[in-house]
Amino acid sequence: MTPRTYAPPRLGARIDLDLSKNEGPRSDRISLNVIDRIDDLVRRYPDTSDLRSRLAGMHGLSPDQILLTAGGDDALFRCFLSRSGSGAFAVATRPTFEMIPIYADQVGVRLVEVGWPGGPFPIRAFVDAARGADVAFVVSPNNPTGSVITESDLRSIAEAVPLVVLDAAYAEFADVDPTPVALSLGNVVVVRTLSKAYGLAGLRVGYLLGPDDLIDEIGSHGGPYPVSALSAAIALQRLDDREGVRSTIMEIRSERAAFAETLSGLGVRSRPSQGNFVLVEHADADQIAETCAELGIGVRRFPGRPGLEQAIRITMPGNAADFARLERAITTALSRIPHPPTRPADPEEVPR
Ligand SMILES: Cc1ncc(COP(=O)(O)O)c(C=O)c1O
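Quick note, the sequence shown lines up with residues 32 to 383 if you use the numbering used here.
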């Protein structure tokens with residue numbers, strides 16, 4: 032069978048505000064201040080030790096506990112590679128970040144998926160399914176629902192499987208960052224990225240944090256230079272702008288709350304989200320997405336993804352003008368729908 036590939040729906044040419052990919056907002060403080068070093072930066076293989084040390088320091092770790100990767104994607108892929116082999120099996124939730132089942136297919140790891148439509152983590156079902164698994168993948172805040180796992184559920188999973196990969200790509204937007212607890216457990220590695228809160232998706236800089244022996248072992252899978260010298264230099268510059276990053280995160284968190292309120296005022300319920308996006312569920316999801324597209328705004332639909340037939344994922348733009356435009360568009364889209372919206376099941380009612 033041909034492995035699945037990543038093929039999100041294409042946005043039409045008329046889109047000038049793309050809110051479909053959970054990218055972070057634009058920063059006006061990024062400049063190519065490496066121009067005087069450009070000759071060496073492009074000629075030599077990258078030395079990314081400064082970036083590694085800086086990120087390790089940010090998390091209070093030593094550089095041996097961090098693996099730089101080409102985005103969080105590459106970190107996940109290396110985790111899969113490190114656990115591939117005959118009879119290998121992994122467990123994850125459904126829905127979750129779509130590259131997880133795709134990578135499982137690509138490396139031939141059998142993936143068992145446990146439903147987590149939102150609300151509390153389905154810990155009993157997950158631990159049952161994880162019996163005998165080589166690795167568990169947990170995304171928190173989860174994409175596309177925005178739900179989070181609790182510390183005690185994470186501990187229970189770490190007791191049940193030899194390796195847990197916690198994908199915390201959206202941790203900066205959450206009330207609680209699960210990274211410190213995860214790293215205290217001894218068999219958990221954490222995927223992080225500069226693509227979201229730092230707004231650097233185009234640079235492809237991610238990293239994996241964990242105990243040094245696991246980092247060493249997982250790092251032995253894949254190529255030796257996942258992050259280019261230019262990416263590393265610009266990433267370091269962005270990490271210096273702590274105030275800029277902090278205010279972006281605050282802006283997105285407040286947009287997320289305001290958007291949920293707007294939706295609720297329009298009679299539509301959204302899932303409580305801890306990411307930089309909101310998942311809206313509506314019987315007329317296609318029509319809403321179509322109206323947004325007509326108004327130049329791209330949102331994410333999930334064709335062929337079970338359980339997401341009525342879902343639209345919308346990235347919070349992180350600036351007032353675009354946010355006002357999004358609110359106008361969603362109001363217009365809902366005003367064109369003649370009958371009352373379908374309410375999703377209350378996440379609290381989802382069986383554990
Ligand atoms: C949960 C999650 N993990 C990882 C990634 C990969 O991000 P990147 O490879 O840009 O770091 C994404 C991107 O959308 C994501 O949603």
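Quick reminder that beta carbons are idealized off the backbone N, C-alpha and C, glycines included.
Keeping to the same chain, check which residues put their C-beta closer than 8 angstroms to that of L48; ignore five residues upstream and five downstream. G327, I328, G329, P348, D353, R356, L357
Please determine, among P148, D165, A161, V195, the residue with the shortest C-alpha to C-alpha distance to G177. P148
Any heavy atom of ligand 1 closer than 7 angstroms to the beta-carbon of V222? yes
Can you tell me which of the three DSSP states G102 falls into? helix
In this structure, does DSSP put F128 in helix, strand or coil? coil
Measuring only the C-alpha atoms, how far is L339 from F333? 6 angstroms
Kindly indicate which residue of P242, A164, D105 has the alpha-carbon position closest to the one of A191. A164
Where do the N-terminal and C-terminal ends of the alpha helix (DSSP H) with E292 fall, by residue? 273 to 296
Presumed contact (8 angstroms Cβ cut-off) between A266 and L240, rounded CB distance: So it is not a contact: roughly 16 angstroms between Cβ atoms.
Mind reading off the beta-carbon distance from F157 to I188? Whole number of angstroms is fine, and I expect it under 8 angstroms. 7 angstroms
So for T181, helix, strand or coil by DSSP? coil
Among R85, I345, A316, which has the Cα closest to the Cα of I368? A316
Taking the alpha-carbon of D104 as reference, which of G306, T363, V222, R300 has the nearest alpha-carbon? V222
In the structure shown, what three-state DSSP assignment does E380 receive? Because the pLDDT of E380 is 38, which lies under 50, any placement of that residue in the model is unreliable, and the question is left without a value.
Which ranges would you report for the beta strand (DSSP E) in the region 141 to 220 if only whole runs of at least 3 residues count? 141 to 146, 166 to 170, 195 to 198
Cβ contact (3+ pairs, closer than 8 angstroms) linking the region 74 to 84 and the region 250 to 260: yes
Rounded to a whole number of angstroms, what is the C-alpha to C-alpha distance between V381 and P172? The predicted position of V381 is uncertain, since its pLDDT is 38 and thus under 50; no value can be drawn from it.
Can you pull the DSSP bridge partners for F120? R141
Please go through the region 322 to 351 and give each complete beta strand (DSSP E) segment of 3 or more residues, from N-terminal end onward. 342 to 346
Mapping DSSP to helix, strand and coil, what is S301? strand
Verify whether the separation of the beta carbon atoms of D198 and R35 is less than 8 angstroms. no
To the nearest whole angstrom, what separates the beta carbons of S80 and R269, a pair I think is in contact under 8 angstroms? So it is not a contact: roughly 18 angstroms between Cβ atoms.
Measure from the alpha carbon of G91 to the alpha carbon of each residue in P132, P242, M281, then state which is nearest. P242
Residues in the same chain with beta-carbon distance under 7 angstroms from S301, minus the five sequence neighbours each way, listed in chain order, please. A291, L294, V309, L310, V311
Can you check DSSP and say which residues form a bridge with L112? DSSP lists no partner for L112.
Do you know how far the Cα of D244 is from the Cα of V140? 22 angstroms
Selection from Y134, P132, T124, V143 that minimises the alpha carbon distance to G150: T124
When you compare only the Cα positions, how much space is there between G217 and A324? 46 angstroms
Per DSSP, what kind of secondary structure is D49 in: helix, strand or coil? strand
Beta-carbon contacts of E248 that lie in its chain and below 8 angstroms, excluding the five residues immediately before and after: S113
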